[in-house]
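Novice: Protein chains in written order, with the working numbering: chain H, 75 to 351; chain X, 2 to 434.
For every residue, glycine included, the Cβ atom is placed at its ideal position computed from N, Cα and C.
Keep in mind that this is a model prediction, so the values were computed, not measured.
Below is one structure. I have some questions about it.
Okay, here's the thing in structure tokens:
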């Protein structure tokens, strides 16, 4: 009896999973289809799959419009530079909030929590003013600075660190470990899945970031991928070049998609273990 | 990874960015341009900058691509409000004048024109309709026409000929007749791009055709609930409902030229800014004609379309030196010269904004080969001002929202919706009177 109902349940679960997977795949597949259609054959009712031929014309045109390799390098530096500093600041802050006792700790944590709720657009002018005062306008540093602290990262790691048994830290202390060694060997080692989850969120957020880089940079030499993509959006006067736009979109998202496919299992596990779903 | 290694990486990053700053003795002009233009706008502007720098040693043009018109406005506003330097010259919508003038961010071109020997000749060479949005109610010239356009009627001449029509429609009655004759299950007879949040521009051409534009020279007055304005929106709505020649609620801006090129629409209203793309992309004979005249009459008063597109604006908060201002004006003069306007018009399809440009190569030959270019220019004699007032963005938003709700059928009673909008607009404008 229980065996049978388990079978039905499992069947039901896999059907649901398939449906959800298809729903999530549709935009991606559609992007690919449109990017391979000739520009002169728009998608219409009843004709959504292939055009009269498969063409790479859209890719050729999209590639010609922006210096993509430069944008790739810029995006990599932006994303890596942001993440590396975040890992340091977030680890230190998370440890302090998880294990140290000091005046106003909970209040401070509340303030950090509050910051999660402020949409970044509201701070645009103020952030700009700050960067400008520091003389950093139109530099790589200006791109990264506002993200060097991360409320999300602090909260996630604080939670993870609190779950690490205090006895482990005490044992390490008795063996003569100093604070840095404790953090490094006790906490970081036990929080790798959380770090992986945080890194994934951080990388994909900043890879897709448009508004801040757009406002704070002027030189092509430091502008990331999203600003290259922006050049393909020609809906203002000339109508939409959807094929070209979709080709550009694929160029921009390709590394993230490939990365995810390669490390799928690890990502899913780390998300499951760190409690974010 | 050890902490020292991370610190090294951070230091490395800082060192890399330091290289971005460099010494520069020349006068550098920061020039922002939006992307509403040709596919390779950057390449074109680079070519213009090279030409200019050759003629003017000691001046460097730093061209910055700044996204859409909206992106451009927001970038510049953020930068200026945040205490940044901002651009020296920018291409922005001709209707942005009051928003920027109110804040004191821009200076009128008039002072530079007055200092010219042949200033009057320079100004009078521009088509008057294109100057309308760049001049304030006192007659001061603020901005110079650069990439300007108007809506025109594009028609698939092959399809019209098949159905027995040798000439395009010249009035709304003929427009509806031909559109109905050409509508099939797979094809729309007429697409008017009013869907997707920005119907005001196309709508204005109907309001003008019905006898009254929704703006005047006075930036504190808007006429949105006149009988003409109401009749115009009701006509546009009927195209998608009773008359059945296009989709209910209108077509989307970006889809319209694509559908036309694919033969899925027989006629479209669209901007002249698209002329080159459509002529180059069509596999049929493309006809272009004035927007058909409305009930206001065929003596010319029923013709009409708003102008649109971008002007050159000069930014100065009073801190720029005479040498800098001199260089800035030289760049503006260069971009608005017949030589560049001719090249820009021929490359993109924007209406070259001064008369001399049309007698200058390459546009002269291009217009000879494709008479369609001339139609857009000739329609300018009937063109009128694009919507612009104090608090332009807010009021434009109210109008767009109202029009959209009428066109989609959400507000059935057009008059009531427009009365309500007018009252709201008058409330906003009261403080500017």
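On the premise that residue 407(X) lies in contact with residue 418(X), defined as a C-beta separation below 8 angstroms, what is that separation, rounded to the nearest angstrom?
Specialist: Rounded, the Cβ-Cβ distance is 6 angstroms, consistent with contact.
Novice: Please name the residues in the region 57 to 71 of chain X whose beta-carbon is closer than 7 angstroms to at least one beta-carbon of chain H, in chain order.
Specialist: 65, 66, 68, 69, 70
Novice: Closer than 7 angstroms between beta carbons: that is the criterion. Which residues of the region 77 to 102 of chain X meet it against chain H?
Specialist: If the cut-off is 7 angstroms between Cβ atoms, the region 77 to 102 of chain X has 79, 80, 82, 83, 84, 85 near chain H.
Novice: Counting pairs of Cβ atoms below 8 angstroms between the region 250 to 257 of chain H and the region 185 to 194 of chain H, do you hit three or more?
Specialist: no
Novice: Report yes or no: do the region 162 to 180 of chain H and the region 228 to 244 of chain H share at least 3 C-beta pairs separated by less than 8 angstroms?
Specialist: yes
Novice: By how many angstroms is the C-alpha of residue 87(X) removed from the C-alpha of residue 316(X)?
Specialist: 8 angstroms
Novice: Are the beta-carbon atoms belonging to residue 65(X) and residue 119(X) less than 8 angstroms from one another?
Specialist: no
Novice: Measuring straight from C-alpha to C-alpha, what distance separates residue 261(H) and residue 156(H)?
Specialist: 22 angstroms
Novice: If we cut at 8 angstroms on Cβ distances, does residue 343(H) have a partner in chain X?
Specialist: no
Novice: Please report whether the beta-carbon of residue 263(X) lies at a distance below 8 angstroms from any beta-carbon of chain H.
Specialist: yes
Novice: Can you say whether residue 148(X) is buried or exposed, counting buried as having 16 or more other CB atoms within 10 angstroms of its CB?
Specialist: buried
Novice: Quick one: is residue 161(H) buried, meaning 16 or more other Cβ sit within 10 Å of its Cβ, or exposed?
Specialist: buried
Novice: Assuming contact is defined by CB atoms lying nearer than 8 angstroms, are residue 327(H) and residue 319(H) in contact in what I supplied?
Specialist: no
Novice: When the Cα atoms are used, what is the spatial distance from residue 306(X) to residue 213(X)?
Specialist: Across the structure, residue 306(X) and residue 213(X) are spaced so that their CA atoms are roughly 11 angstroms apart.
Novice: Listed from N- to C-terminal order along the chain, which residues in the region 274 to 305 of chain X have their beta-carbon within a distance smaller than 8 angstroms of any beta-carbon of chain H?
Specialist: Correct list: 274, 275, 278, 282, 284.
Novice: I'd like to confirm the pairing. Which residues does DSSP put opposite residue 156(H) in its beta bridges?
Specialist: Answer by DSSP bridge pairing: none, since residue 156(H) is not bridged.
Novice: Are the C-beta of residue 352(H) and some C-beta of chain X separated by less than 8 angstroms?
Specialist: Past the edges of chain H, shown from 75 to 351, lies residue 352(H), and the structure says nothing about it.
Novice: Pick out whichever of 127(H), 216(H), 158(H) has its Cα sitting closest to the Cα of residue 269(H).
Specialist: 158(H)
Novice: By a C-beta neighbour count over all protein chains shown, 10 Å radius and 16 as the cutoff for buried, is residue 98(X) buried or exposed?
Specialist: With at least 16 other beta carbons inside 10 angstroms of its own, residue 98(X) counts as buried.
Novice: Name the one or two DSSP bridge partners that residue 126(X) has.
Specialist: In the DSSP output, where bridge partners are listed per residue, residue 126(X) has none listed.
Novice: Quick one: Cα of residue 392(X) to Cα of residue 221(X), how far?
Specialist: Cα to Cα, the separation comes out at about 9 angstroms.
Novice: Specify, as a first and last residue, the run of the beta strand (DSSP E) that residue 192(X) falls within.
Specialist: 189 to 192
Novice: Report the neighbours of residue 289(H) on chain X: residues whose CB is nearer than 7 angstroms to its CB, in chain order.
Specialist: What residue 289(H) touches in chain X: 76, 79.
Novice: Can you tell me whether residue 198(X) is buried or exposed? The criterion is at least 16 other CB atoms within 10 Å of its CB, across all chains shown.
Specialist: Answer is exposed; the Cβ neighbour count stays below 16.
Novice: Give me the chain X residues within the contact set of residue 292(H), using Cβ-Cβ distance strictly less than 7 angstroms, ordered along the chain.
Specialist: Close to residue 292(H), with beta-carbon spacing below 7 angstroms, are these residues of chain X in chain order: 65.
Novice: Quick one: is residue 252(H) buried, meaning 16 or more other Cβ sit within 10 Å of its Cβ, or exposed?
Specialist: With fewer than 16 Cβ atoms within 10 Å of its Cβ, residue 252(H) is classed as exposed.
Novice: Within this structure, are the beta carbons of residue 138(H) and residue 322(H) separated by less than 8 angstroms?
Specialist: no
Novice: Helix, strand or coil, according to DSSP, for residue 293(H) in the structure here?
Specialist: coil
Novice: Using CA atoms only, rank isn't needed, just tell me which of 255(X), 365(X), 279(X) is closest to residue 157(X).
Specialist: 279(X)
Novice: Can you find a CB in chain X that lies within less than 8 angstroms of the CB of residue 132(H)?
Specialist: no
Novice: Tell me whether residue 433(X) is buried or exposed, calling it buried when 16 or more other Cβ atoms sit within 10 Å of its Cβ.
Specialist: exposed
Novice: To the nearest angstrom, how far is it from the Cα of residue 272(X) to the Cα of residue 309(X)?
Specialist: 9 angstroms
Novice: Starting from residue 206(H), find everything on chain X with Cβ-Cβ shorter than 9 angstroms and list it in chain order.
Specialist: 80, 83, 84, 85, 86
Novice: Taking 8 angstroms as the CB-CB limit, is residue 211(H) close to chain X?
Specialist: yes
Novice: Rounding to the nearest angstrom, what Cα-Cα distance links residue 125(H) and residue 263(X) in this structure?
Specialist: 12 angstroms
Novice: Between residue 422(X) and residue 225(X), is the Cβ-Cβ spacing less than 8 angstroms?
Specialist: yes
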